[in-house]
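Each position in the sequence shown, counted from 1, maps to that position plus 5 in this note's numbering. So the structure is just underneath, and the comments pick up after that.
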Amino acid sequence: MARWFKIGSITSVSPHSFKSNRLPDLNYCIYCGDTGGSLTEEHIVPLALGGDLTVGRASCQKCQTVINEEVETKALRQMFLPWRTIENYPTRNPKRRQKFFDVEIGHPDGARFETEKTVRVPAEDFPRAIALPSFWKPPGILTSRRYSSGWDGKMWWAIDGESLKAFEKKYGGWPTFMHSVTEVYFRQLAKIAHCFIFANPDCKDDYRPLLVDTIMGRDHSYDFWMGLDENPGAAQPEANLFRIRADIIEKYMVVSVSLFHGVGEPDIQIVVGERRDSDRAPRVDYDVLSVEVGYSSSAELWNLQRQDANSCRAS
Ligand SMILES: [Zn+2]
6 MARWFKIGSI TSVSPHSFKS NRLPDLNYCI YCGDTGGSLT EEHIVPLALG GDLTVGRASC
66 QKCQTVINEE VETKALRQMF LPWRTIENYP TRNPKRRQKF FDVEIGHPDG ARFETEKTVR
126 VPAEDFPRAI ALPSFWKPPG ILTSRRYSSG WDGKMWWAID GESLKAFEKK YGGWPTFMHS
186 VTEVYFRQLA KIAHCFIFAN PDCKDDYRPL LVDTIMGRDH SYDFWMGLDE NPGAAQPEAN
246 LFRIRADIIE KYMVVSVSLF HGVGEPDIQI VVGERRDSDR APRVDYDVLS VEVGYSSSAE
306 LWNLQRQDAN SCRAS
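What follows is the structure, given as structure tokens:
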């Protein structure tokens, strides 16, 4: 019984006093299996995106470094810093909230100007907008699509049109880093989904992990392992940070994540594991693995406009 995940209820976190919820130590690295050296605590969802669940002694120095440098630092410092700041996301140091951003201004279609134009923008001028890479279809592995490298998907937006118009008028374009870093985001989602399941040591006995190469940047076949969740269930406005749910689909362990559920990001299905032995009863009651996290101060996020933008392809 996976008793340590919060089930069917909203965890409230406060931007000003943040306490983490620590799961028992694993004593091995959930990415490479290493048991030696110093193992560190892993946040399932980064604290800076509202995650309060951690698992003790779960990541080796080497894997931790790759994930920090190639994924989380980029996701949190580049992709989401303005959004975290203007939406008052949890932080360990509320007093050190960013007051301004040095922003490269580009054309609204995402293209760069011929000469780079960087300006210092006060946080309050930054448009309330978030752009995320997303998918058209469920994960390829669930629909018998062939394995292929890359991503055939779309960008998804939540925009406060007024604040974006005001920004464009004042600065002559859009901030370029609103245009998401696809690989970083998918690796971040893969890491969250993988941790969510394998933070439970019993899951390792039931399922063979499939995403370690994706997380570590060795496998780029994002739409093979990930895709649109076509049956996400009703939106939960009270989960105004994120929600995560585990499902079993045939022989696969699938995790649905809406990391920005508060602004209606579509749930993304992520295939994290393959059943090792389908004859044996699972050790964990997977039906109860779900977590929804929110806090009250950003309830109005729900009213932003949302749209699917242009098709995108990357490889
Ligand atoms: Zn490791």
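The beta-carbon is built from N, C-alpha and C at its ideal position, and this holds for glycine as well. Small disclaimer: the values here were computed from a predicted structure and weren't measured.
Proximity winner among D284, V276 and S139, relative to I146 (alpha-carbon distances): Numbered from 1 along the sequence shown, position 141 holds the residue referred to as residue 146. The residue with the shortest Cα to Cα distance from I146 is V276.
Taking I72 as the reference, which of P51, F247 and W88 has the closest Cα? Locating residue 72 in the sequence shown gives position 67, counting from the first residue. Taking only the C-alpha atoms, the option nearest I72 is P51.
So is H112 buried or exposed if we call it buried at 16+ other beta carbons inside 10 Å? Translated into positions along the sequence shown, residue 112 becomes position 107. Classification for H112: exposed.
| query | Where are the beta strand (DSSP E) runs, 3 residues long or more, that stay fully inside the segment 70 to 158, in chain order? | reply | 105 to 111, 123 to 127 and 134 to 140
Review point. Where does S267 sit, in a helix, a strand or coil, going by DSSP?
Key: Along the sequence shown, one-based indexing puts residue 267 at 262. Per the sequence shown, the amino acid found at residue 267 is Gly instead of Ser. Here G267 sits in helix by DSSP.
I'd like to confirm something about Y212: is its beta-carbon nearer than 7 Å to some heavy atom of ligand 1, or not? Residue mapping note: residue 212 aligns to position 207 of the sequence shown, counting from 1. Y212 Cβ: outside cutoff for every heavy atom of ligand 1.
- Query: Any idea if W141 is buried or exposed, counting beta-carbon neighbours within 10 angstroms, 16 or more meaning buried?
  - Reply: Counting from 1 along the sequence shown, the entry for residue 141 is found at position 136. Label assigned to W141: exposed.
Just the Cα atoms here: how many angstroms apart are M160 and D207? On the sequence shown, residue 160 is found 155 positions in, with the first residue counted as 1. On the sequence shown, residue 207 is found 202 positions in, with the first residue counted as 1. The alpha-carbon atoms of M160 and D207 are separated by roughly 36 Å.
Leaving aside the five residues before and after G42 along the sequence, list all residues of the same chain whose C-beta is less than 7 Å from its C-beta, in chain order.
Within the sequence shown, residue 42 is the residue found at index 37, counting from 1. Excluding positions up to five away in sequence, the list reads C65 and Q66.
Assuming I135 and V268 form a contact by the criterion Cβ under 8 Å, report the distance between their Cβ atoms to the nearest whole angstrom. The residue given as residue 135 occupies position 130 in the sequence shown. The residue given as residue 268 occupies position 263 in the sequence shown. Yes, they are in contact, since the Cβ atoms of I135 and V268 sit about 6 Å apart, within 8 Å.
- Where in the segment 179 to 242 do unbroken runs of the alpha helix (DSSP H), each at least 4 residues long, occur, reported from the N-terminal end onward? 187 to 203, 206 to 211, 217 to 221 and 227 to 230
Exercise. Provide the residue span of the beta strand (DSSP E) that contains L28, from first to last.
Key: Residue 28 sits at position 23 when you count from the first residue of the sequence shown. Taken as a continuous stretch (DSSP letters only), the beta strand (DSSP E) holding L28 covers N26 to L28.
**Assumed close pair Q274, D234 - CB separation to whole angstroms, cut-off 8 Å** = By 1-based counting over the sequence shown, the position of residue 274 is 269. By 1-based counting over the sequence shown, the position of residue 234 is 229. 4 Å between Cβ atoms; contact.
key: D210, buried or exposed, once every other Cβ within 10 Å from all chains shown has been counted against 16   = By one-based count along the sequence shown, residue 210 stands at place 205. Classification of D210: exposed, given that the 10 Å Cβ count is below 16.
- Which whole-angstrom value is the C-beta distance of R102 and T90, which I expect to be below 8 Å? Here residue 102 is taken as the residue at index 97 of the sequence shown, counted from 1. Here residue 90 is taken as the residue at index 85 of the sequence shown, counted from 1. Between T90 and R102 the Cβ distance is about 6 Å, and since that is below 8 Å, they are a contact.
For S168, which residues of its own chain have a beta-carbon under 6 Å away from its beta-carbon, when the five flanking residues on both sides are left out?
Here residue 168 is taken as the residue at index 163 of the sequence shown, counted from 1. Excluding residues within five positions, the ones whose Cβ falls inside 6 Å are P132 and R133.
Confirm, please, whether the CB-CB distance from G55 to I49 is below 8 Å.
Sequence index remark: in the sequence shown, residue 49 carries index 44 (1-based). Sequence index remark: in the sequence shown, residue 55 carries index 50 (1-based). No, these two residues do not count as a Cβ contact at 8 Å.
### Residue nearest to G155 in terms of C-alpha spacing, selected from A204, F191 and M84
Here residue 155 refers to the residue found at position 150 of the sequence shown. Here the closest residue by C-alpha is F191.
Exercise. Return the bridge partner residues of I253 from the DSSP annotation.
Key: Numbered from its first residue, the sequence shown carries residue 253 at position 248. Paired residues: M258.
Could you tell me the alpha carbon to alpha carbon distance between I197 and S153, rounded to whole angstroms? Along the sequence shown, one-based indexing puts residue 197 at 192. Along the sequence shown, one-based indexing puts residue 153 at 148. Straight-line Cα distance between these residues: approximately 23 Å.
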